[in-house]
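K.L.:
This structure is in structure tokens; I'll ask about it shortly.
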Amino acid sequence: MESQPLRHDHYPTSQEEYEAELTETEHEYEAKLEAAKEQVEDKVQGQISRYLLFGAISVVINITLFYLFYHTMGIGYQLANFIDWIISVQCSFWLDRTFVFKHKSDKPVKEMGTFYMTRVATFLLETVILFLGISWMNLNGTITKVVGHAIALVLNFFLSKKLVFKNQPAPAD
1 MESQPLRHDH YPTSQEEYEA ELTETEHEYE AKLEAAKEQV EDKVQGQISR YLLFGAISVV
61 INITLFYLFY HTMGIGYQLA NFIDWIISVQ CSFWLDRTFV FKHKSDKPVK EMGTFYMTRV
121 ATFLLETVIL FLGISWMNLN GTITKVVGHA IALVLNFFLS KKLVFKNQPA PAD
């Protein structure tokens, strides 16, 4: 049953006509609401998929640099973690801004500052995990790094979405 546009020259004359028009309007609203919900779900699923893809690139950069600095060059694990963090956060900012959230604005430096601030929180969490895993529990440094970075990665997605790359119009893909 196809809905017809409301006629402006006709007003309901009975309770039945009024209820029929009201029901039709409710169905139209529900259909529009469902379509909007599906559009939002598609956008979020796309962001999550892109975040996983480009996040994997960031993870490879982060873990590889940590391995090189810590195991190959013999740099202490906390300093190695800090150096690889700076490099990988810079890579992550541009990947997330450009490909994951497809964010366009004229304030990339301000966004970068917010991005780094959110990453500082997860960096501190990762630092604590490294300290506990390596210094207290004598676990393998690289495995501990992977665990800490995985936890940070999940938190980073939500922080980026809610604090850094927010309030933007949907991209016209």
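First residue of the sequence shown? That's 1 in full-length UniProt numbering, and the numbers climb one at a time after it.
We treat Cβ as the ideally placed atom computed from N, Cα and C, and that holds for glycine.
(1) Pull up the CB-CB distance for Phe115 and Trp85, whole angstroms please, since I reckon it's below 8 Å.
(2) At which residue ranges does the stretch 86-158 contain complete beta strand (DSSP E) runs of 3 or more residues, listed in the order of the chain?
(3) Use the C-beta contact count for Gly133: other C-beta atoms within 10 angstroms, 16 or more gives buried, fewer gives exposed.
(4) Taking 8 Å as the cut-off, does the stretch 67-74 touch the stretch 138-145 (at least 3 CB pairs, one atom from each stretch)?
(5) What's the call for Ala170, buried or exposed, on a 16-neighbour Cβ count within 10 Å?
(6) Is it buried or exposed for Val89, if we count other Cβ within 10 angstroms and need 16 for buried?
P.N.:
On the basis of the supplied data:
(1) Not really, about 13 Å apart at Cβ, beyond 8 Å.
(2) none
(3) buried
(4) yes
(5) Low per-residue confidence applies at Ala170: pLDDT is 47, beneath 50, and the placement is therefore not dependable, though the value from the model is reported in the following sentence. When all chains shown are included, Ala170 counts as exposed.
(6) buried
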